[in-house]
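According to the UniProt record's numbering, the residues represented by the sequence shown are 1 to 357, in order.
Ideal Cβ positions, reconstructed from N, Cα and C, are used throughout, including at glycine.
Here the structure is laid out as structure tokens; the discussion comes afterwards.
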Amino acid sequence: MNLKTLFKNQPRLKHVELLLFTKYLAVLLRSGLPLDESLEILNKQTKKKKTPLCLILTSLVDHIRTGKTFADGLSEFPKTFSPVYVNLIRAGEGSGTLQDNLDQLVKQLEREHALTEKIRGAMMYPSVIMLAGLAIASVIVVFILPQITGLFSSLRVEIPLSTRLIFWLSDTIRFKWPWLLGGGLILGVVINIFYRFKKTKPFFHAFFLVIPILGNLIKKINLARSFRLLGTLLRSGVPISEAFDVTISVVRNLRYRDMFEEMRTGISHGGTVAAVLEKHTSLVPPIALRLVNVGEETGTLSDMLLYLAVFYEDEIESQTKNLTSLIEPVMIIFIGLAVGWLAISILMPIYKVVGSV
């Protein structure tokens, strides 16, 4: 079994592992060590053998010592090293600025990691509250409401509509949960199929961008990531057509991918990036359009793109904090209304019984 076949069965490097690998390699190269020796040192520091990192390092050392480039070796592991990573390394090898490009990659990976953690942290609290609410609701529906239903049946009192609705929901969940679960799974599978289907996927991606509050956040995430990738590639000396190819390959939202493809086509025909952005004002705010235009006119497009990336990353951080602050009271109000409705629906028949005595 060769190394590549063995690696296919291994998990790819985690984002933090890739960040540390890049950072340590940059430090070793800065100290004046050759590339193959630096990789070998990193390999020797790996305590466990046959791990993904160990396998990758062994393969990279073999590639370099047989006369192949570092970028070619990295491209053998596409699950770990993205096209952006490989092309930045390739540009650094070609221009003699490998250490500088590694530093650029470290900054980019750190930014991506920080952005991901901020978004994940913003979603954590609402998720915990929602799960706790579902757990409490399940206990009430499965254990408490059946006892109350039997009590009201024995009292033979007229039950209000809201109370009957709660009892109906309780019985439906208790006795028809396999159908509900099966229906939910089928619905999820159908939605997933349509989401992956080439003709309907653009509809989902366009819909995500118009969701209140979340749509604006998704736009900023796409702009921050794509501008940072494109700006980093251009600053590192990657040709503009190739930089657009790499950026397009990693942009997730199809609306933005189409926009960048239009930019690439426009530039190949002598157009400008700003001219294309003017056609997509629903995707790109005026401030971005203006700064990109200035960057093209002054020859500082890469600097402007990286500035915009930092700007939108700060906007994302601010919006995620505000989103958490907004969701918290909304969820508390929703849970309070649900508990109040449940309490009133249960107490109303009891008051009727007491009043009729």
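Determine the DSSP secondary structure at residue 251, reduced to helix, strand or coil.
coil
Which listed residue (90, 29, 123) has its alpha carbon closest to that of residue 320
123
Count the other CB atoms within 10 Å of the CB of residue 15; is the residue buried (16 or more) or exposed (fewer)?
exposed
What does the Cβ neighbour count give for residue 4, buried or exposed, with the cut at 16 atoms within 10 Å?
Because the pLDDT at residue 4 is just 47, under 50, the model does not fix this residue reliably, and the value given afterwards should be weighed accordingly. Looking at its Cβ environment, which holds fewer than 16 other Cβ atoms inside 10 Å, residue 4 is exposed.
Since I believe residue 60 is in contact with residue 73 (beta carbons under 8 Å), could you give me their beta-carbon distance rounded to a whole number of angstroms?
4 Å
Residue closest to residue 327, alpha-carbon to alpha-carbon, out of 112, 19, 213, 24
Distances from the CA of residue 327 to each of 112, 19, 213, 24 were compared; the closest alpha carbon is that of 213.
Cβ-based burial, residue 359 [other Cβ within 10 Å; buried from 16]:
Only positions 1 to 357 of the chain appear in the structure, and residue 359 is not among them; the question remains open.
Contacting residues, own chain, Cβ-Cβ under 8 Å from residue 345 (five flanking each side not counted)
160, 162, 163, 165, 166
Which residues mark the beginning and the end of the alpha helix (DSSP H) in which residue 69 is found?
Run containing residue 69: none; DSSP gives neither H nor E here.
With a floor of 4 residues, list each alpha helix (DSSP H) that falls wholly inside the region 130-212, ordered by position along the chain.
145-155, 161-175, 177-196, 201-208
Assess contact between the region 185-201 and the region 212-228, defined as three or more Cβ pairs (one per stretch) separated by less than 8 Å. Is contact present?
The region 185-201 makes no contact with the region 212-228, as fewer than three CB pairs between them are under 8 Å.
Residue 285 - containing alpha helix (DSSP H), residue span
Element bounds for residue 285: n/a, residue is neither H nor E.
According to the Cβ coordinates, are residue 254 and residue 243 closer than 7 Å?
no
What residues in its chain sit with their C-beta under 6 Å from that of residue 262, if we drop five residues either side in the sequence?
Closer than 6 Å at Cβ, skipping near neighbours: 276.
Pick helix, strand or coil for residue 298, following the three-state DSSP scheme.
helix
Proximity below 7 Å, CB of residue 247 to CB of residue 260:
yes
Can you say whether residue 231 is buried or exposed, counting buried as having 16 or more other CB atoms within 10 angstroms of its CB?
buried
DSSP three-state call for residue 219: helix, strand or coil?
helix
Is the distance from the Cβ of residue 256 to the Cβ of residue 222 below 7 Å?
yes
Cβ pair count under 8 Å reaching 3, the region 94-110 against the region 287-303:
no
Buried or exposed for residue 108, please, with buried defined as at least 16 other CB atoms from any protein chain shown within 10 angstroms of its CB.
buried
Three or more C-beta pairs closer than 8 Å, one from the region 103-122 and one from the region 308-319: is that the case here?
yes
How about residue 106 and residue 46: do their beta carbons lie closer than 7 Å?
Going by C-beta atoms, residue 106 is not nearer than 7 Å to residue 46.
Between residue 141 and residue 173, how many whole angstroms is the CB-CB distance? I'm expecting something under 8 Å.
5 Å
Which stretch, first to last residue, makes up the alpha helix (DSSP H) that contains residue 40?
35-45
What does the alpha-carbon distance come out to for the pair residue 313 and residue 169?
44 Å
Can you look up residue 1 in the DSSP assignment and give me helix, strand or coil?
Any reading at residue 1 is ruled out, since the residue's pLDDT is 41, under 50, leaving its predicted position unreliable.
Using the C-alpha atoms, what's the distance from residue 71 back to residue 119?
31 Å
Quick test of your reading: residue 131 and residue 29, contact by CB under 8 Å. State the CB separation rounded to the nearest angstrom.
Under the criterion of beta carbons closer than 8 Å, residue 131 and residue 29 do not qualify as touching, at roughly 46 Å.
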